[in-house]
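Structure, as structure tokens:
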Amino acid sequence: MIAPGADLKIYMATHPVDFRCGMDGLAAAVQEILGLDPYVGGAFVFRAKRADRIKILVWDGTGLVLVYKRLKGSKFVWPQVRDGVTRMSPAMFAALFEGLDWRLVRPERVRRPQLAG
Numbered sequence: 144m145i146a147p148g149a150d151l152k153i154y155m156a157t158h159p160v161d162f163r164c165g166m167d168g169l170a171a172a173v174q175e176i177l178g179l180d181p182y183v184g185g186a187f188v189f190r191a192k193r194a195d196r197i198k199i200l201v202w203d204g205t206g207l208v209l210v211y212k213r214l215k216g217s218k219f220v221w222p223q224v225r226d227g228v229t230r231m232s233p234a235m236f237a238a239l240f241e242g243l244d245w246r247l248v249r250p251e252r253v254r255r256p257q258l259a260g
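When you read off a place in the sequence shown, starting at 1, and then add 143, the result is the number in my numbering.
Structure below.
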């Protein structure tokens with residue numbers, strides 16, 4: 144399981160990419176398709192055409208890290224395909240990575256205490 148910190152920005156490409164690409168090809172896709180810098184420390188999530196596989200590209204400060212995951216017998220839940228990039232919260236990303244429906248993840252409301260002490 145990947146557990147991103149709250150400060151990690153997660154970007155998801157909305158169109159499938161060629162999964163024969165390695166780290167360099169995906170870094171080029173981040174620059175060309177998403178218009179972002181792959182070396183700033185964000186996580187970039189790419190999907191395969193069949194939606195049963197994802198690749199995640201992350202710059203950890205010392206090098207690029209490539210994570211590949213394939214679900215057996217199911218598919219990842221993706222938003223409708225449209226141009227651009229979708230930002231995800233760390234909780235939504237964790238649900239996506241686990242193969243859950245990330246659209247059902249809602250931030251928990253923090254209630255302010257009525258009385259201190």
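Every residue gets a Cβ at the ideal spot worked out from N, C-alpha and C, and that includes glycine.
{"Asked": "Touch test, the segment 192-199 against the segment 176-183, Cβ-Cβ under 8 angstroms, three pairs minimum", "Found": "no"}
{"Asked": "Presumed contact (8 angstroms Cβ cut-off) between PHE189 and ALA237, rounded CB distance", "Found": "So it is not a contact: roughly 17 angstroms between Cβ atoms."}
{"Asked": "C-beta contact flag for ILE197 and LYS212 at 9 angstroms", "Found": "yes"}
{"Asked": "Closest by C-alpha distance to GLY206, when choosing among ASP167, ARG252 and SER217", "Found": "ASP167"}
{"Asked": "Below-9 angstroms beta-carbon distance, GLN174 vs any chain C residue", "Found": "Although the question refers to chain C, the structure presented lacks it and comprises just one protein chain."}
{"Asked": "Length of the line joining the Cα atoms of SER232 and ILE153", "Found": "7 angstroms"}
{"Asked": "Coil, strand or helix - PHE187 by DSSP", "Found": "strand"}
{"Asked": "Cβ neighbour criterion (16 or more within 10 Å) applied to GLY165", "Found": "exposed"}
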